[in-house]
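Heads up: the protein sequence lines correspond to chains A and B, in order.
Residue numbers for the first sequence follow this note's numbering, so the first one is 189 and each next one is one higher.
Residue numbers for the second sequence follow this note's numbering, so the first one is 189 and each next one is one higher.
Beta carbons: idealized from backbone N, C-alpha and C, even for Gly.
Note that the coordinates shown come from a computational prediction; the quantities given were computed from them, not determined experimentally.
There are 2 protein chains.
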Amino acid sequence: MSATATADRDQIESLVRSIILKSLGAAAPAPADGRPGGDGAAGGPPKVVVNISARHCHLTQEDVDVLFGKGYQLKPMKRLYQDTDFAAEETVAVVGPRQRMIPGVRILGPCRKFSQVELAFTDAISLGIELPVRLSGDIENTPGCLLIGPKGSLVMPKGVIRAERHVHMGPRDAEYYGVKHLDRMNMRVDSPCPGTLEGLLVRTHPDWKLEVHIDTDEANSCDLTHATNVTLIKA
Amino acid sequence: MSATATADRDQIESLVRSIILKSLGAAAPAPADGRPGGDGAAGGPPKVVVNISARHCHLTQEDVDVLFGKGYQLKPMKRLYQDTDFAAEETVAVVGPRQRMIPGVRILGPCRKFSQVELAFTDAISLGIELPVRLSGDIENTPGCLLIGPKGSLVMPKGVIRAERHVHMGPRDAEYYGVKHLDRMNMRVDSPCPGTLEGLLVRTHPDWKLEVHIDTDEANSCDLTHATNVTLIKA
């Protein structure tokens, strides 16, 4: 037992850990332009970037006001791979019906029109929350929780979900894989604990880079950290 | 937020939660003898019992002496599916190199010739332990941890592992699947978060009932709790 680290380091590592893995075709060349996960249909298979979303939340400015003080502005700590979003310096504590708390839940900015907490099943079982699997933003009839910040707390009446596994991509990557918005894909992970995650929802946008989002349970299940290859296939 | 539960209830539920799922062949009849996961090659496909192993430990009597007092005997709380083993009433706290603790880690009895802590990657990341994936008992060159009991604590110099996913079976089930001891199988889970766990190690013994053992990360990844079908296939 020699390693030392702070809680923040863990949070940040989990949140932004980026496993960049080439989808190695049998003799396929690497993308000519070398863009990491870029919309690279030309020049070979695109690089598959898999980002592991550790538990985190999105907040409205109104909820930030309650938790951090009126008019408080989130401080960007690190840009995310889709660079409109950032991990904020700020965290909140999440409390569920078993009177247990998970501290240090990272806030992702910028503020949104709804507040939403994204957990893994492991987190939710610990808190006592029956977690629905939803596309981000689809929060009607989902459970809530208690959020605690340094300046206040609030009951979030809904918005606690497991984010449905999904893959962002631009039009060239969609063309390469032969998929369109809201199609489904499977992702096979070659690792010491190999497996296939099925049914990743395809989400396309002209500006998006190719990026798979899965949660910590999904990543840990297939030991993504030690993966040697990741393959996306149309379902 | 209305449900209430105690910590113990959670531990017990996680530990012994048993998902009994028929491998439904297209028109295959249920096993004629109705044994739950019994060694039932005759009369149709065997029932696949998947048990989720939450974090737990096995201890030597010497380590029990240190943690609970000289000569202390573990109290069986619940028989496990392979009924030579039991979940004990007793738990320990596990501390890793980040000075974090996971309390309430269930002890499985009876005592063994070696002490071993089985964690999920989610647990190990929280504790700061680089977790090797090992067959139970194969603990050379594995990390250790600090164990804390009500009467003492000890440094376990090795024995912290992620147990390799595996399937127990008797000879009739092995014949049904066409596998032998130490072969590999894949398990497909049909659920709201479907997927396939590959490379389950086959372990056979004349007395064993058909039972898959996976950890909480693996179960949560594929939402095993809401699975409608589980299929075992020779790898």
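Which listed residue (the options) has its alpha carbon closest to that of residue i
i                : options                                : result
isoleucine 349/A : Glu328/A, Asp361/A, His356/A, Leu335/A : Glu328/A
threonine 413/A  : Thr419/A, Thr404/A, Glu318/A, Leu420/A : Thr404/A
lysine 397/B     : Thr384/B, Asp361/B, Glu352/B           : Asp361/B
methionine 289/A : Thr279/A, Leu388/A, Asp411/A           : Thr279/A
glutamine 270/A  : Pro298/A, Arg286/A, Lys263/A           : Pro298/A
tyrosine 364/A   : Lys422/A, Gln304/A, Asn374/A           : Lys422/A
asparagine 374/A : Leu370/B, Arg376/B, Gly383/B, Gly366/B : Gly383/B
glycine 366/B    : Lys266/B, Asn239/B, Leu420/B, Ile336/B : Leu420/B
histidine 246/B  : Val355/B, Ala351/B, Leu385/B           : Ala351/B
proline 345/A    : Val283/A, Ser314/A, Met357/A           : Val283/A
proline 285/A    : Lys263/A, Ile336/A, Pro234/A, Ser314/A : Ser314/A
glutamine 287/A  : Lys263/A, Val293/A, Ile317/A           : Ile317/A
leucine 262/B    : Ala281/B, Asp395/B, Ile295/B           : Ile295/B
leucine 370/B    : His356/B, Arg376/B, Leu385/B           : His356/B
isoleucine 336/B : Val254/B, Lys235/B, Val236/B           : Val254/B
Whole-angstrom distance between residue j and residue i, CA atom to CA atom
i              : j               : result
alanine 276/B  : threonine 248/B : 14 Å
arginine 372/A : arginine 391/A  : 9 Å
glycine 232/A  : proline 320/B   : 35 Å
tyrosine 260/B : valine 252/B    : 7 Å
proline 359/B  : lysine 368/B    : 8 Å
alanine 308/A  : threonine 272/A : 23 Å
Backbone secondary structure at residue i - three-state DSSP
i                   : result
aspartate 253/A     : helix
leucine 385/B       : strand
proline 224/A       : Because proline 224/A sits at a pLDDT of 41, beneath the cut-off of 50, its placement in the model cannot be relied upon, and the following sentence gives the value as read from the coordinates. The answer is coil: DSSP assigns proline 224/A none of H, G, I, E or B.
phenylalanine 470/B : Missing from the structure shown is residue 470/B; chain B here goes from 189 to 423 and no further.
aspartate 378/B     : strand
asparagine 360/A    : For the sequence presented, residue 360/A should be read as arginine rather than asparagine. Of the three classes helix, strand and coil, the one that applies to arginine 360/A here is helix, per DSSP.
asparagine 329/B    : coil
glutamate 318/B     : coil
glutamate 467/A     : Here chain A covers residues 189 to 423 and nothing more, so residue 467/A does not appear.
histidine 414/B     : helix
serine 409/A        : helix
aspartate 311/A     : helix
Within-8 Å CB hit, residue i to chain B
i               : result
alanine 214/A   : Only weak support exists for where alanine 214/A lies, its pLDDT of 27 falling under 50; the value from the coordinates is given anyway. False, the Cβ-Cβ gap to chain B never drops below 8 Å.
aspartate 371/A : no
cysteine 245/A  : no
glutamate 328/A : no
glutamate 399/A : no
leucine 389/A   : no
threonine 419/A : no
threonine 416/A : no
valine 321/A    : yes
Neighbourhood of residue i by C-beta, 8 Å cutoff - its chain only, sequence neighbours within 5 removed
i               : result
glutamate 250/A : none
is_contact[residue i, chain A] using C-beta, thresh 8 Å
i                : result
aspartate 405/B  : yes
asparagine 408/B : yes
alanine 308/B    : yes
threonine 272/B  : no
arginine 300/B   : no
threonine 279/B  : no
Residues of its chain near residue i, where Cβ-Cβ distance is below 7 Å and the 5 sequence neighbours each way are ignored
i               : result
serine 379/A    : Cys410, Asp411, Leu412, His414, Ala415, Thr416
glycine 347/B   : Phe302, Ser303, Gln304, Val305, Ile327, Thr330, Gly332
leucine 334/A   : Val283, Ser341, Val343
aspartate 311/A : Arg243, Ile290
Cβ-based neighbour list, residue i, same chain, cut-off 6 Å, excluding 5 preceding and 5 following
i                : result
cysteine 381/A   : Cys410, Asp411
asparagine 408/A : none
Check: residue i C-beta below 7 Å from any heavy atom of the ligand SAM
i             : result
alanine 423/B : The ligand SAM is not among the ligands present in this structure, which contains no ligands whatsoever.
Residue-level contact to chain D via CB, residue i, 8 Å cutoff
i             : result
proline 382/B : Protein chains in the displayed structure are A and B, and chain D is not among them.
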